[in-house]
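For the sequence shown, this note's numbering begins at 101 and goes up steadily by one.
Built from N, CA and C at the ideal position, the CB exists for glycine as well.
To start, the structure under review is shown below, and the notes come after it.
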Amino acid sequence: MIAIEESIILYVIFAVLIVLALIFVLVIQLSIKNQKLRAKGFGGTSVIQRIDAGDRVSLSELNDFILDKSASRSDLVKVTNYFADNIKFPSKNPSDPVPVSAKAEMYFISMVSSHPKADAGLISSFNAKLKKANPSYEKAIDQFESNGISNRRDV
Numbered sequence: 101m102i103a104i105e106e107s108i109i110l111y112v113i114f115a116v117l118i119v120l121a122l123i124f125v126l127v128i129q130l131s132i133k134n135q136k137l138r139a140k141g142f143g144g145t146s147v148i149q150r151i152d153a154g155d156r157v158s159l160s161e162l163n164d165f166i167l168d169k170s171a172s173r174s175d176l177v178k179v180t181n182y183f184a185d186n187i188k189f190p191s192k193n194p195s196d197p198v199p200v201s202a203k204a205e206m207y208f209i210s211m212v213s214s215h216p217k218a219d220a221g222l223i224s225s226f227n228a229k230l231k232k233a234n235p236s237y238e239k240a241i242d243q244f245e246s247n248g249i250s251n252r253r254d255v
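Take a look at the structure:
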């Protein structure tokens, strides 16, 4: 009877060790996967490298990047120029309000305007490029820029 209890204890210990080893392997694999994703450009700082290399960057990635308050002014210039040149706003009637499909673009404008490293020159230049490329959004661009600037004051 004692031998049976000892063998059960050994099986339980062995099973626990196997589970711990599996958890360890999964953590290592996730760590390696995250490193590979960062190396491929799926992280805040590598957006600039991808823009410099001429790669496509999504609006979602630009929005994630602009949330990084430590980004330099020169990085902001690259990102805003990329946005103005490559991100197309959905079509709309000039008299209509901003469509739901353009909310991510408007969010980006607001976040740029509220960024601590964005100065008046950068914001003004960005505003002018956006209005030239998207004339039906002029009022919305001004509104979201103003919202961003007022949020900067609140911080």
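Could you check which residue in 229, 210 and 195 has the C-alpha nearest to that of residue 163?
Nearest of 229, 210 and 195 to residue 163, Cα basis: 210.
Of the listed residues 192, 158 and 114, nearest to residue 180 (C-alpha basis):
The residue with the shortest Cα to Cα distance from residue 180 is 158.
Can you give me the C-alpha to C-alpha distance between residue 132 and residue 231, rounded to a whole angstrom?
Taken atom to atom, the span from the alpha-carbon of residue 132 to that of residue 231 is near 43 angstroms.
Tell me whether residue 193 is buried or exposed, calling it buried when 16 or more other Cβ atoms sit within 10 Å of its Cβ.
Of the other Cβ atoms in all chains shown, fewer than 16 fall within 10 Å of the Cβ of residue 193; this residue is therefore exposed.
Where residue 244 sits in the DSSP three-state scheme
Correct three-state label for residue 244: helix.
Which of the three DSSP states, helix, strand or coil, is assigned to residue 250?
Helix, per DSSP.
With DSSP as the reference, label residue 119 as helix, strand or coil.
Helix.
Just to check my reading of the structure: residue 212 and residue 226 have Cβ atoms closer than 8 angstroms, yes? What is that Cβ distance to the nearest angstrom?
Yes, residue 212 and residue 226 are in contact; Cβ-Cβ is about 6 angstroms, under 8 angstroms.
How long is the line joining the alpha carbons of residue 242 and residue 224, rounded to whole angstroms?
Roughly 10 angstroms between the two C-alpha positions.
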